[in-house]
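Q: Dropping the structure in here first, questions after.
Number of protein chains: 2
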Amino acid sequence: MSLKYVILGLLRQRPHYGYEIKQQFDHSLGEIWPVSYGQLYPTLRKLSVSGHISMQTVPGKKAIDKNVYTLTDKGKTDFEQWYEKGVKKTQISIKDEFTLFLFFTQDSDMVRLLPAVRKNHDIVSRQEAVFQSRLEALGEGAPFFQRALLKKMIFHLEAERIWLEEIIMMSKRPAPQGVQRG
Amino acid sequence: MSLKYVILGLLRQRPHYGYEIKQQFDHSLGEIWPVSYGQLYPTLRKLSVSGHISMQTVPGKKAIDKNVYTLTDKGKTDFEQWYEKGVKKTQISIKDEFTLFLFFTQDSDMVRLLPAVRKNHDIVSRQEAVFQSRLEALGEGAPFFQRALLKKMIFHLEAERIWLEEIIMMSKRPAPQGVQRG
DNA sequence: CACAACATGTAAGATGTTACATGATTGA
DNA sequence: TCAATCATGTAACATCTTACATGTTGTG
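Going down the list, the protein sequences come from chains A and B.
Per our numbering, the first sequence starts with residue 2, numbered consecutively.
Per our numbering, the second sequence starts with residue 2, numbered consecutively.
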């Protein structure tokens with residue numbers, strides 16, 4: 002359960018309320034790690050019960066009160082132990098419907114792939130451009146991780162884009178490596 | 002639920018038993034889409050109950066009988082509708098503990114990252130080489146999707162490797178873009 | 001004799017999505 | 001007035017992992 006550490010990590014900076022955690026998320030890690038309220042609120046509850054965070058209710062801007070969560074000593078220790086332990090693994094997961102679709106497409110059927118490939122190519126290209134301009138917009142003083150996260154996204158989007166371009170090439174001619182018999 | 006379509010798609014070729022489906026998986030899609038028995042068997046059961054597949058028991062090589070599953074008309078139709086509908090999306094997910102670790106690493110702390118970065122770099126490089134040689138080992142007659150899946154893995158592993166190399170570079174000098182004040 | 005391969009499965013829990021429910025306030 | 005933003009949550013379901021349980025056969 003790493004959502005736990007995401008939350009503890011955010012709360013290390015300062016107390017946050019739920020809605021705000023989601024905002025923070027969506028604007029930083031969120032591109033990479035989407036979180037829904039349906040997951041966030043129950044997790045905050047659990048971390049409260051386990052004593053990793055404590056809750057104070059303060060009036061919200063509108064009607065409903067905010068529940069502000071503060072990191073406790075226990076939470077702090079837990080986070081730091083997680084962080085100290087280090088040796089984290091990257092794992093690239095390429096598990097999507099398109100890949101599955103591709104897996105079940107026969108050579109003779111390759112043309113049917115093209116509309117989906119083109120559509121995905123558009124989406125990926127546009128996303129890549131967005132991240133690229135965000136990277137360029139970063140000042141020199143921008144924190145290391147911000148730059149690094151954007152780069153990571155850009156590199157993988159680029160990989161995906163180039164791959165899709167290759168699929169288009171491959172689907173135009175039957176034998177990918179040139180020379181054909183006959 | 003796409004494990005459903007993975008199974009239906011495999012059974013289109015010929016009947017399979019559970020253990021065999023897992024084998025097939027591990028040797029093709031498996032690099033990309035790991036499946037555990039804990040997920041596979043219950044899903045086969047569900048698809049039997051819903052009438053997408055039917056089960057016949059045949060003696061196994063050793064002691065326990067095999068349960069061979071065959072695609073029914075319903076299953077076939079369902080798969081084909083899924084396939085016809087097309088417009089599948091790629092989605093790259095970059096949600097791993099290392100990235101989270103990075104997210105919580107301060108600029109001043111960057112050096113602490115290096116051992117993990119190097120370790121991951123080794124792993125990723127080695128994986129990349131394995132897939133590369135598998136790609137080269139493919140004959141010219143190899144099906145389109147096999148080549149494409151391997152390429153996809155290779156491209157993303159390469160993206161990851163280059164990214165890790167950049168992290169190493171970035172962590173050696175504070176300002177990434179050259180000119181420093183002072 | 002121990003261990004890998006063959007072959008089935010269950011149970012518990014972690015993780016994540018989607019839709020629903022509530023209700024005030026602000027701005028177009 | 002209508003949609004968006006603020007702010008909380010629940011419930012149902014889907015997905016996936018891990019550990020356990022069972023038992024034979026072949027191989028070193």
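Ideal placement from N, C-alpha and C gives every residue a C-beta, glycine not left out.
Label LYS63/A either buried or exposed according to how many other C-beta atoms from any shown protein chain fall within 10 Å of its C-beta, with 16 as the threshold for buried.
A: LYS63/A comes out exposed.
Q: Pull up the distance between the alpha-carbon of GLN24/B and that of LYS47/A, whole angstroms please.
A: Roughly 39 Å separates the two Cα atoms.
Q: Alpha carbon to alpha carbon, what distance is there between ILE93/A and GLU159/B?
A: Between GLU159/B and ILE93/A, the C-alpha separation is close to 11 Å.
Q: Assess, as a yes-or-no matter, whether the stretch 91–110 of chain B is touched by the stretch 141–149 of chain B under the definition of 3 or more beta carbon pairs within less than 8 Å.
A: Touching, no.
Q: My assumption, with CB atoms under 8 Å, is that ALA138/B sits in contact with MET171/A. Please give the rounded CB distance.
A: With 8 Å as the limit, ALA138/B and MET171/A do not qualify as a contact, their Cβ atoms being about 18 Å apart.
Q: Shortest alpha-carbon distance to GLU167/B belongs to which of LYS153/A, GLU167/A, ARG135/A?
A: Among LYS153/A, GLU167/A, ARG135/A, the Cα nearest to that of GLU167/B belongs to LYS153/A.
Q: Can you give me the Cβ contacts of ASN68/A inside the same chain, cut-off strictly under 7 Å, excluding the 5 residues immediately before and after it?
A: Answer for ASN68/A: TYR18, GLY19, MET56, THR58, listed in chain order.
Q: Give the interface partners of PRO43/A over in chain B, defined as CB-CB distance under 7 Å, in chain order.
A: Going along chain B, no residue has its Cβ under 7 Å from PRO43/A, so there is no contact; the nearest lies around 19 Å.
Q: MET171/A CB to nearest chain B CB: under 8 Å?
A: With 8 Å as the cut-off, MET171/A counts as an interface residue toward chain B.
Q: Between TYR70/A and LEU12/A, how many whole angstroms is the CB-CB distance? I'm expecting something under 8 Å.
A: At roughly 6 Å, the Cβ-Cβ gap stays under 8 Å, so TYR70/A and LEU12/A are in contact.
Q: May I have the straight-line CA-CA distance separating ASP79/A from GLU32/A, to the nearest angstrom?
A: Going by the C-alpha atoms only, they are around 26 Å apart.
Q: Assuming LEU115/B and ILE169/B make a contact with CB atoms under 8 Å, what is their CB distance in whole Å?
A: Indeed, because the Cβ distance is near 7 Å, the residues count as touching under 8 Å.
Q: Against chain B, with Cβ distances strictly below 8 Å, would LEU136/A count as a contact?
A: No, its Cβ sits nowhere closer than 8 Å to a Cβ of chain B.
Q: Would DSSP call VAL112/A helix, strand or coil?
A: Three-state result, VAL112/A: helix.
Q: Quick one: complete alpha helix (DSSP H) runs, 4+ long, within the stretch 53–100 of chain B?
A: Runs of the alpha helix (DSSP H) inside the stretch 53–100 of chain B: 74–86.
Q: Hey, does GLN178/B have any beta-carbon neighbour from chain A nearer than 8 Å?
A: Residue confidence for GLN178/B is low, a pLDDT of 47 falling below 50, so the modelled location carries little weight and cannot support an answer.
Q: Which residue's Cα is closest to the Cα of PHE102/B: VAL118/B, THR91/B, SER49/B, GLY87/B?
A: It is VAL118/B.
Q: Chain B beta carbons: is any one of them nearer than 8 Å to that of THR100/A?
A: Closer than 8 Å to some Cβ of chain B, the Cβ of THR100/A qualifies, so yes.
Q: Would GLY52/B pass as a contact of LYS75/B if the rule is Cβ separation under 8 Å?
A: Cβ distance < 8 Å, so GLY52/B and LYS75/B count as in contact.
Q: Report back the beta-carbon spacing between SER212/B and GLU98/A to the nearest angstrom; my notes put them in contact at under 8 Å.
A: The question about residue 212/B has no answer here: the residues shown for chain B are numbered 2 through 183.
Q: Taking the straight line between their C-alpha atoms, what separation do you get for MET111/A and ARG15/B?
A: Going from the Cα of MET111/A to the Cα of ARG15/B covers about 22 Å.
Q: Under a CB-based cut-off of 8 Å, is GLN92/A close to chain B?
A: With 8 Å as the cut-off, GLN92/A counts as an interface residue toward chain B.
Q: Along the alpha helix (DSSP H) that carries ALA143/A, what are the first and last residues, could you check?
A: No alpha helix (DSSP H) contains ALA143/A, which DSSP labels as neither H nor E.
Q: Is there at least one Cβ from chain A nearer than 8 Å to HIS17/B's Cβ?
A: No, because no Cβ of chain A sits closer than 8 Å to the Cβ of HIS17/B.
Q: Kindly indicate which residue of GLY87/A, PRO60/A, ARG113/A, GLY61/A has the alpha-carbon position closest to the one of LYS86/B.
A: Of GLY87/A, PRO60/A, ARG113/A, GLY61/A, the residue nearest in Cα terms is ARG113/A.
Q: Taking Cβ positions only, does PHE156/B come closer than 8 Å to chain A?
A: Judged by the 8 Å Cβ criterion, PHE156/B is in contact with chain A.
Q: When we look at the beta-carbon of VAL125/A and count the other beta-carbons within 10 Å, is it buried (16 or more) or exposed?
A: Result: buried.
Q: Examine chain B for any beta-carbon lying closer than 8 Å to the beta-carbon of ILE8/A, and answer yes or no.
A: Not one chain B Cβ lies under 8 Å of ILE8/A.
Q: Residues of chain A with CB under 9 Å from ILE95/B, in chain order?
A: Here the neighbours are GLU32, ILE33, TRP34, THR91, ILE93, SER94, LEU150, LYS153, MET154, HIS157.
Q: Going along the chain, which residues of its own chain have a beta-carbon closer than 7 Å to the beta-carbon of ILE155/B, five neighbours each way excluded?
A: Cβ within range, chain order: GLU129, PHE132, GLN133, LEU136.
Q: Have a look at LEU165/A, LYS96/A, ILE95/A, LYS90/A and flag the residue whose alpha-carbon is nearest the alpha-carbon of THR100/B.
A: Cα-wise, what sits closest to THR100/B is LYS90/A.
Q: What does a CB cutoff of less than 6 Å around LEU9/B pick up in its chain, not counting 5 residues either side in sequence?
A: GLY76, PHE80, listed in sequence order.
Q: With THR44/B as the anchor, note down where its alpha helix (DSSP H) starts and where it stops.
A: Unbroken alpha helix (DSSP H) run through THR44/B: 38–50.
Q: Considering only DSSP beta bridges, list what TYR18/B is partnered with.
A: In the DSSP output, where bridge partners are listed per residue, TYR18/B has VAL69/B.
Q: List, in chain order, every chain B residue whose beta-carbon is nearer than 8 Å to that of ASN68/A.
A: By Cβ distance, chain B contributes nothing, its closest Cβ being about 23 Å from ASN68/A, past 8 Å.
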